[in-house]
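Step one of this worksheet: look at the structure below.
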Amino acid sequence: MTTVVPTSEEDAALSVVRFASELAWADAGPEVAEPQVSRLCMEAEEFIVMGKWLELASLMITSAELIFSKVSEKDVESIFTIICNLVTKTENPDEVMEIVKVITAKLVQQPNEKPAVRLKILINLYNLLETPYCQFYVYLKALSLAVDGKVTEYIIPSLKKIDSFLKEWKIEVPEQRELFLTVSNVLKENKSMSKDSFKFLTNYLATFSGEDEHVLSEAKEEAVRAIVDFVRAPDVFQCDLLDMPAVGQLEKDAKYALLYQLLKIFLTQRLDSYLEFHTANSTLLIDHGLVHEECIAKMRLMSLVDLSSDGSGQIPYELIRDTLQINDDEVEIWVFKAISAKLIDCKMDQMNQVVVVSHHTDRVFGQHQWQTLRTKLVNWRGNIANVISTIQANKVSEDGSQAAQGLVVR
């Protein structure tokens, strides 16, 4: 197979233009092909001499799809290394951005053809860039390509660095929204990472706080998805969706008000409320792909958490049985499930048939929970201060006693 082999006399970019031109005109015959190849090479030489790097990039990228279909992966990488290197030729950040747009537009055009190679090229392009916004733009394209080309496994490891990326990029709220939503979609493709997908989806919705109704409406479908994802998730039991305006707009929405009501039941009520809701709105769950039996299982755990929050610290077995609507011999099974899910810390007093709760997870963490935490921290600081004062007082007393003994010895 023909490969790109730049000579010392020929610029690497010109070699790519020559190779791509010959490939494009290969079926036309020498009489037609040679003049066309010469013409394109002359254009490339002119762009190089005049420093027209954007025009050169546009020329070089013209036959990109032909290159992907007819050239080996190794040679594709070599060709695009030369093309991507054009971003280092100019010091004009606007021109760099335009070159980036030209290259990325071609790379994401056919995501199902050699997707892993396309993704690798985008990452290499990212590493050549110095402008934060350009880096963000390329990374976002890489995320979208990973989803469309079904190669998310190659991009997922980089998501651990999102927080540090955000500090480097310093992007505005609209760009943050696009990033959070795209990351959520990437993770959604991997079933084992549904919890992380939900986290980024809530990060996206949180950016709409303080916005007007018109802007909030942009997030309506994603708010619906967040509710459904939360209700469906077997390992997510706490969220602050009810405090988000993007979700709150659904409360009086003609189409989604019932879905909002379902979320409220899961976060503030118990199993009996859910069963009553299901009786009246069973088709709603089916329409959103929710399984009734799975909802019952989750609501039992949520109800047990609610029982743990009454302040007494003790829950009779009988109350658990009645609230969860289970048999006597299932009480301890469900308590163990709650412990395994890290919803409660407790001991089971089988003699007295009570569960003694030492700690529980709140289903929502809003203003009330923050105030409770603040009170606990203030009390903790006060207790620590008292301990320190007592230790210091004892030390002063001990030092005084030793000094007095020294005087007597003399």
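Numbering (UniProt numbering), first residue to last: 1 to 410. For glycine and all other residues, C-beta sits at the position ideal for the given N, C-alpha and C. Note that this is a predicted model, so its numbers are computed, not measured.
Between PHE230, THR279, ASP235, PHE237, which lies nearest to TYR260 when the distance is taken from Cα to Cα? Position 260 of the sequence shown, counted from the start, is the residue given in the question as residue 260. Checked all of PHE230, THR279, ASP235, PHE237; the closest Cα to TYR260 is PHE230.
With DSSP collapsed to three states, give me the class of SER309. Against the sequence shown, residue 309 aligns to sequence position 309. The answer is coil: DSSP assigns SER309 none of H, G, I, E or B.
Apart from the five residues on each side of it in sequence, which residues of its chain come closer than 6 angstroms, Cβ to Cβ, to ASN185? Position 185 of the sequence shown, counted from the start, is the residue given in the question as residue 185. Excluding residues within five positions, the ones whose Cβ falls inside 6 angstroms are VAL147.
Close-in-space but distant-in-sequence residues of the same chain around ILE61 (CB under 8 angstroms, 5 per side omitted): Against the sequence shown, residue 61 aligns to sequence position 61. Once the five neighbours on either side are set aside, the close Cβ partners of ILE61 are ILE83, VAL102, ILE103, LYS106.
Check whether the segment 243–261 and the segment 309–316 are in contact - that is, three or more C-beta pairs closer than 8 angstroms. no
As assigned by DSSP and simplified to three states, the class of HIS345: Numbered from its first residue, the sequence shown carries residue 345 at position 345. It is Asp, not His, that sits at residue 345 in the sequence shown. Strand at ASP345.
Using C-beta distances below 8 angstroms, list every residue in its chain close to VAL138, excluding the 5 sequence neighbours before and after it, in chain order. In the sequence shown, residue 138 corresponds to position 138, counting from 1. Same-chain partners within the cutoff: VAL100, THR104, LEU122, LEU125, TYR126, LEU129.
CB of ILE48 within 8 angstroms of CB of LEU86, strictly: Along the sequence shown, read from residue 1 onward, the residue named residue 48 stands at position 48. Along the sequence shown, read from residue 1 onward, the residue named residue 86 stands at position 86. It is not a contact, given that the beta carbons lie outside the stated cut-off.
What is the DSSP secondary structure of ILE315, counted as helix, strand or coil? The sequence position of residue 315 within the sequence shown is 315, counting from 1. Looking at ILE315 - three-state DSSP - the assignment turns out to be strand.
Examine the Cβ distances between the segment 264–278 and the segment 320–340 and report whether three or more of them are shorter than 8 angstroms. yes
Out of TRP53, PRO174, SER197, which has the shortest C-alpha to C-alpha gap to LEU216? Stepping through the sequence shown from its first residue, residue 216 is reached at position 216. The option with the nearest alpha carbon to LEU216 is PRO174.
Could you check whether LEU263 and LEU242 sit closer than 8 angstroms to each other, using their CB atoms as the reference points? Indexing the sequence shown from 1 puts residue 242 at position 242. Indexing the sequence shown from 1 puts residue 263 at position 263. Contact: yes.
Can you list, in chain order, the residues of its chain with a C-beta nearer than 8 angstroms to that of LEU321? Leave out the 5 residues immediately preceding and following it. If you number the sequence shown from 1, residue 321 lands on position 321. Leu is not the amino acid found at residue 321; the sequence shown has Arg there. Correct list, in chain order: ASN327, ASP328, GLU330, VAL331.
Among GLU318, TYR154, SER21, which residue has its Cα nearest to the Cα of LEU40? Within the sequence shown, the letter at position 40 stands for residue 40. Among GLU318, TYR154, SER21, the Cα nearest to that of LEU40 belongs to SER21.
Relative to the C-alpha of LEU56, which candidate in THR279, PHE198, ALA12, TYR204 has its C-alpha closest? In the sequence shown, the residue the question calls residue 56 occupies position 56. Of the listed residues, the one whose Cα sits closest to LEU56 is ALA12.
Nearest-angstrom Cα separation, counted from LYS188 out to SER197: For the purposes of this step, residue 197 is taken as residue 197 along the sequence shown, with counting starting at 1. For the purposes of this step, residue 188 is taken as residue 188 along the sequence shown, with counting starting at 1. Roughly 6 angstroms between the two C-alpha positions.
For GLN369 and ILE391, what's the separation of their Cα atoms in angstroms? Working through the sequence shown from its first residue, we reach residue 369 at position 369. Working through the sequence shown from its first residue, we reach residue 391 at position 391. Confidence at GLN369 is low in this model, with a pLDDT of 49, below 50, so the placement of that residue is unreliable and no value is reported for it.
According to DSSP, what are the bridge partners of HIS360? Looking up residue 360 in the sequence shown gives position 360. For HIS360, which the question treats as bridged, DSSP gives the partners ILE344.
Hey, does ALA13 have any beta-carbon neighbour from chain D nearer than 8 angstroms? Included in the structure is just one protein chain, with no chain D present.
Near HIS278, which residues of its chain fall below 8 angstroms by C-beta distance, leaving aside the five closest residues on each side in sequence? Taking the sequence shown and counting its residues from 1, the one referred to as residue 278 is at position 278. The answer, listed in chain order, is LEU285, HIS292, CYS295.
Taking DSSP as the reference, what is the three-state secondary structure of VAL387? Taking the first residue of the sequence shown as position 1, residue 387 is located at position 387. Residue state, collapsed to three classes: helix.
Return the Cβ separation of VAL117 and GLU153 in integer angstroms, given the expectation that the two are a contact with Cβ distance under 8 angstroms. In the sequence shown, counting from the first residue as 1, residue 117 sits at position 117. In the sequence shown, counting from the first residue as 1, residue 153 sits at position 153. With a Cβ gap of about 15 angstroms, VAL117 and GLU153 do not count as contacting.
For VAL354, collect the residues of the same chain with a Cβ closer than 6 angstroms to its Cβ; drop the 5 residues on either side in sequence, then sort them by chain order. The sequence position of residue 354 within the sequence shown is 354, counting from 1. Only GLN314, PRO316 meet the Cβ criterion.
CB of TRP53 within 8 angstroms of CB of GLU113, strictly: Translated into positions along the sequence shown, residue 53 becomes position 53. Translated into positions along the sequence shown, residue 113 becomes position 113. Not in contact: TRP53 and GLU113 (Cβ atoms no closer than 8 angstroms).
Based on DSSP bridge pairs, tell me the residues matched to VAL354. On the sequence shown, position 354 is the one that residue 354 refers to. DSSP lists PRO316, ASP349 as partners of VAL354.
Quick check: MET302 and ARG232, are their CB atoms within less than 8 angstroms of each other? Within the sequence shown, the letter at position 302 stands for residue 302. Within the sequence shown, the letter at position 232 stands for residue 232. No, they are not a contact pair.
Using 10 angstroms around the beta-carbon of PHE336, count the other beta-carbons present and answer buried if the total reaches 16, otherwise exposed. Looking up residue 336 in the sequence shown gives position 336. When all chains shown are included, PHE336 counts as exposed.
I think MET244 touches LEU201, with their Cβ atoms under 8 angstroms apart; what is that distance to the nearest whole Å? Here the question's residue 244 lines up with position 244 in the sequence shown. Here the question's residue 201 lines up with position 201 in the sequence shown. MET244 to LEU201, Cβ: 11 angstroms. No contact.
What residue from SER192, LYS120, TYR256 has the CA that sits closest to LYS220's CA? Position 220 of the sequence shown holds residue 220. Checking every option, the nearest Cα to that of LYS220 belongs to TYR256.
What did DSSP end up calling LYS52 once you bin it into helix, strand or coil? Indexing the sequence shown from 1 puts residue 52 at position 52. LYS52 falls in the coil class under three-state DSSP.
I'd like to know whether the C-beta atoms of LEU119 and VAL151 end up nearer to each other than 8 angstroms. As a working note, residue 119 is residue 119 in the sequence shown. As a working note, residue 151 is residue 151 in the sequence shown. Their beta carbons are under 8 angstroms apart, which means LEU119 touches VAL151 by this criterion.
When DSSP labels each residue in this structure, what does PRO6 get in the three-state scheme? By one-based count along the sequence shown, residue 6 stands at place 6. Low confidence applies to PRO6: its pLDDT is 49, below 50, so where it sits in the model is not reliable, and the reading given next is rough at best. PRO6: coil per DSSP, three-state reduction.
Taking all protein chains shown into account, do 16 or more other C-beta atoms lie within 10 angstroms of the C-beta of ILE384, making it buried, or fewer, making it exposed? Start at 1 with the first residue of the sequence shown, and residue 384 comes out as number 384. Label assigned to ILE384: exposed.
Please state the DSSP three-state secondary structure of GLY149. As a first step, residue 149 must be located in the sequence shown, where it is residue number 149. Coil, per DSSP.
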